[in-house]
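Undergrad:
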Amino acid sequence: KEDTAMKPTKPNLILQTIISLVLILTVSNFSLSQSPEWIVYKTSNSSLPDNWINSIKIDSEGNKWIGTIDGGLVKFNDVSWTIYNTSNSGLPDNFIREIFIDNSGNKWLGTNNGGIVKFDGTNWIVYNTSNSGLPDNRVYTINKDQQGNLWIGTNNGVAKFDGVNWIVYNSLNSGLPYDDVRSIAIDSQGNKWICTNGGGVAKFDGVNWTVYNTSNSGLPYDAVYSMVIDGQGNKWFGINRGRIVKFDGNNWTVYNMPNSIFSDNYVYALTLDGSGNIWMGTYREGMAKFDGVNWTVYNTSNSGLPDNSVHSIAIDQFGNKWIGTWGGGLAVYHEWGVIIKVEDEEQNLPEDYILYQNYPNPFNPNTIIEFELPKKANIKLAVYDALGREIGKLVDQEYESGKYQIKFNGNNLPSGVYFYRLEAGKFVSVKKMILLK
1 KEDTAMKPTK PNLILQTIIS LVLILTVSNF SLSQSPEWIV YKTSNSSLPD
51 NWINSIKIDS EGNKWIGTID GGLVKFNDVS WTIYNTSNSG LPDNFIREIF
101 IDNSGNKWLG TNNGGIVKFD GTNWIVYNTS NSGLPDNRVY TINKDQQGNL
151 WIGTNNGVAK FDGVNWIVYN SLNSGLPYDD VRSIAIDSQG NKWICTNGGG
201 VAKFDGVNWT VYNTSNSGLP YDAVYSMVID GQGNKWFGIN RGRIVKFDGN
251 NWTVYNMPNS IFSDNYVYAL TLDGSGNIWM GTYREGMAKF DGVNWTVYNT
301 SNSGLPDNSV HSIAIDQFGN KWIGTWGGGL AVYHEWGVII KVEDEEQNLP
351 EDYILYQNYP NPFNPNTIIE FELPKKANIK LAVYDALGRE IGKLVDQEYE
401 SGKYQIKFNG NNLPSGVYFY RLEAGKFVSV KKMILLK
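In terms of UniProt numbering, the sequence shown opens at residue 1 and continues consecutively.
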């Protein structure tokens, strides 16, 4: 079992160039030399206070909330950084392990040794072992059920908090098999799935406990660090050796990350994208995407990932992956180029949809594609070769009104003529671009 309470000594950081989009005017120290699929923010090139990141969550307005090891809580709106720490706020501990954002926009923060904190944007309320029923001040995971109860996983059991009353479940007074709780997920029936660091997984329906472990199920290890539930109700668990486990209610299937060799390669992060792909972050071997059959592995050797220890992954409305690493800072990734909203003021919106000509054109290998939406719409933006074959889908989802920019990378494409096509309702526009290598 790992011990994440101690932070390794920070190495000397080298200034890493990153892409700036239109936001270059407001964010300094950026260079256009890096691949457009990746943006990396570090203490050396941004206002990020710490390169060690435990948790990332995205609120309804698109703000990124970042929990660090000793830099406190960070809010990033793609332009400016706001830092909250023990010196300038009501935060009791700069080591943030977990962030949960409720439907009212409140941020619930799990700290390493300061309990749980509620932040409504103005006021801070701290709950700890001295002033509440919280069983331990180290909080690993937070979730909320349909009745509005918080479920809090700590180093000493699970706490249920309704805003007034606390109920604690542990290995002595309930069916919880182990007190070190790392992840809690809640399914559509309201069952709580509680992942422990040594006792397997417990399912709790409010009355009865069902425990799944190496002795009675297909779970290969009793230490489970992360969990996500997909659209079909399948439960996915992150364990060690770069493995994830799928449980459909009857059958267990173990999937192995390719070439994973470390026994302590814990899967700390699991999240789903809009296409149902599983994205996983590991302790030692980078990040991987799993589509149910095929794996794509991203590490420091084959991608722009700045560190192979990935502790958090969040996906924004554009499909950008926001990746929190231990030591490498914050990375942003999108398969065909990071998508940024560059303008949304109503007075600047067009009357109709607009697809702009890419620039530069011809290009090698990077170019910028921009489009504008006068209103919210389901849009598709794809790239085609000269024979009309789709070679890449850049966007396929609902977007708010505004102006958007994509840096497209043709590094893996041969020289030639390509077309990009925007569809939004009945609107269709096609532009030609030329890749010259």
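Even for Gly, the Cβ is constructed at its ideal location relative to N, Cα and C.
Owing to the predicted nature of the structure, the values given are computational and were not obtained by experimental measurement.
Smallest Cα separation from Leu387: which of Asn378, Asn364, Ala159 and Phe419?
TA: As a first step, residue 387 must be located in the sequence shown, where it is residue number 387. Closest by alpha carbon: Phe419.
Undergrad: Whose CA, out of Phe290, Phe262, Asn259 and Arg284, lies closest to the CA of Asp273?
TA: For the purposes of this step, residue 273 is taken as the residue at position 273 of the sequence shown. The candidate whose alpha carbon is nearest that of Asp273 is Phe290.
Undergrad: Would you list the one or two residues that DSSP bridges to Asn143?
TA: The residue you call residue 143 lines up with position 143 of the sequence shown. According to DSSP, which records beta bridges pairwise, Asn143 is partnered with Trp151.
Undergrad: Which of the three DSSP states is assigned to Asp396 in this structure?
TA: In the sequence shown, counting from the first residue as 1, residue 396 sits at position 396. The answer is strand: DSSP assigns Asp396 an E or B state.
Undergrad: For Gly249 and Thr271, I'd like the C-alpha separation in whole angstroms.
TA: On the sequence shown, residue 249 is found 249 positions in, with the first residue counted as 1. On the sequence shown, residue 271 is found 271 positions in, with the first residue counted as 1. Looking at the two C-alpha atoms, the distance is approximately 20 Å.
Undergrad: Taking the alpha carbon of Leu436 as the point to measure from, which residue in Val428, Val417, Asn251 and Gly425 has its own alpha carbon closest?
TA: Translated into positions along the sequence shown, residue 436 becomes position 436. Considering only alpha carbons, the answer is Val417.
Undergrad: Comparing alpha-carbon positions, which option in Gly105, Arg97 and Ser260 lies nearest Ser60?
TA: Taking the first residue of the sequence shown as position 1, residue 60 is located at position 60. Checked all of Gly105, Arg97 and Ser260; the closest Cα to Ser60 is Gly105.
Undergrad: Can you have a look at Gly425 and say buried or exposed, based on whether 16 or more other CB atoms are within 10 angstroms of its CB?
TA: Stepping through the sequence shown from its first residue, residue 425 is reached at position 425. The residue is exposed, with fewer than 16 neighbouring Cβ atoms inside 10 Å.
Undergrad: Sorted by chain position, which residues of the same chain lie with C-beta nearer than 7 Å to Ser132's C-beta, five sequence neighbours on each side aside?
TA: Sequence index remark: in the sequence shown, residue 132 carries index 132 (1-based). Trp166, listed in sequence order.
Undergrad: Look up Val164 in the DSSP assignment and say whether it is helix, strand or coil.
TA: Against the sequence shown, residue 164 aligns to sequence position 164. Coil, per DSSP.
Undergrad: In chain order, what residues of the same chain lie with their CB nearer than 6 Å to the CB of Pro350, ignoring the 5 residues before and after it?
TA: As a working mapping, residue 350 is identified with position 350 in the sequence shown. These residues qualify, in order along the chain: Glu372 and Pro374.
Undergrad: Where does Ile379 land, buried or exposed, given buried means 16+ other C-beta within 10 angstroms?
TA: The residue given as residue 379 occupies position 379 in the sequence shown. Under this definition Ile379 is a buried residue.
Undergrad: Only counting the same chain, and skipping five residues up and downstream in sequence, which positions put a Cβ closer than 7 Å to that of Gly198?
TA: Taking the sequence shown and counting its residues from 1, one reaches residue 198 at position 198. Contacts found: Lys1, Tyr178, Asp180, Asp222 and Ala223.
Undergrad: For the ligand HEM, I want to know if Ile239 counts as a neighbour, meaning its beta carbon is within less than 7 Å of at least one of the ligand's heavy atoms.
TA: Within the structure as shown, the ligand HEM is missing, as the structure has no ligands at all.
Undergrad: At which residues does the beta strand (DSSP E) containing Tyr178 begin and terminate?
TA: Locating residue 178 in the sequence shown gives position 178, where the first residue counts as 1. Counting along the chain, Tyr178 falls outside any beta strand (DSSP E), and DSSP gives it neither H nor E.
Undergrad: Looking only at C-alpha atoms, which of Ser309, Val332 and Ser312 sits nearest to Gly319?
TA: As a first step, residue 319 must be located in the sequence shown, where it is residue number 319. Minimum Cα distance to Gly319 is reached at Val332.
Undergrad: Closer than 6 Å by C-beta to Thr129: which residues in its own chain qualify, once you throw out the five before and the five after it? Chain order, please.
TA: Taking the first residue of the sequence shown as 1, we reach residue 129 at position 129. Answer for Thr129: Asn137, listed in chain order.
Undergrad: Whole angstroms is fine: what's the gap from Glu400's alpha carbon to Val428's?
TA: Working through the sequence shown from its first residue, we reach residue 400 at position 400. Working through the sequence shown from its first residue, we reach residue 428 at position 428. Their backbone Cα atoms lie some 18 Å apart in a straight line.
Undergrad: Taking only the alpha-carbon atoms, compute the straight-line gap between Thr154 and Gln397 and give it to the nearest angstrom.
TA: For the purposes of this step, residue 154 is identified with residue 154 of the sequence shown, where counting begins at 1. For the purposes of this step, residue 397 is identified with residue 397 of the sequence shown, where counting begins at 1. About 37 Å.
Undergrad: Can you find the residues in the same chain that come closer than 8 Å, C-beta to C-beta, to residue 507, ignoring five residues on each side of it along the sequence?
TA: As shown, the chain starts at 1 and ends at 437. That puts residue 507 outside it, with no answer to give.
Undergrad: Return the CA-CA distance between Trp151 and Ile116, expressed in angstroms with no decimal places.
TA: The residue you call residue 151 lines up with position 151 of the sequence shown. The residue you call residue 116 lines up with position 116 of the sequence shown. Approximately 11 Å, taken between the alpha carbons.
Undergrad: Closer than 8 Å, CB to CB, is Trp209 near chain D or not?
TA: Absent here is chain D; the protein component of the structure consists of one chain.
Undergrad: What's the call for Lys144, buried or exposed, on a 16-neighbour Cβ count within 10 Å?
TA: Reading the sequence shown from its first residue, position 144 is the one you call residue 144. So Lys144 counts as buried.
Undergrad: Flag this pair as yes or no: are the beta carbons of Trp279 and Ile313 separated by less than 8 Å?
TA: Position 279 of the sequence shown, counting from 1, holds the residue named residue 279. Position 313 of the sequence shown, counting from 1, holds the residue named residue 313. Yes, they are a contact pair.
Undergrad: Buried or exposed: where does Ser55 fall if 16 or more other Cβ atoms within 10 Å of its Cβ makes it buried?
TA: Position 55 of the sequence shown, counted from the start, is the residue given in the question as residue 55. Per the 10 Å Cβ criterion, buried.
Undergrad: Do you know how far the Cα of Val293 is from the Cα of Asp352?
TA: The residue you call residue 352 lines up with position 352 of the sequence shown. The residue you call residue 293 lines up with position 293 of the sequence shown. Answer to the nearest angstrom: the Cα atoms are 41 Å apart.
Undergrad: Rounded to the nearest angstrom, what separates Asn256 and Val79 at their Cα positions?
TA: The residue you call residue 256 lines up with position 256 of the sequence shown. The residue you call residue 79 lines up with position 79 of the sequence shown. Computed Cα separation, rounded: 38 Å.
Undergrad: Compare the Cα-Cα distances from Tyr359 to each of Ile101, Gly238 and Met433 and report the closest residue.
TA: Counted from its first residue, the sequence shown places residue 359 at position 359. Residue Met433 is the option with its Cα nearest to Tyr359.
Undergrad: What are the residues that DSSP puts in a beta bridge with Gly238?
TA: As a first step, residue 238 is located in the sequence shown; it is residue number 238 there, counting from the start. Ser226 and Ile244.
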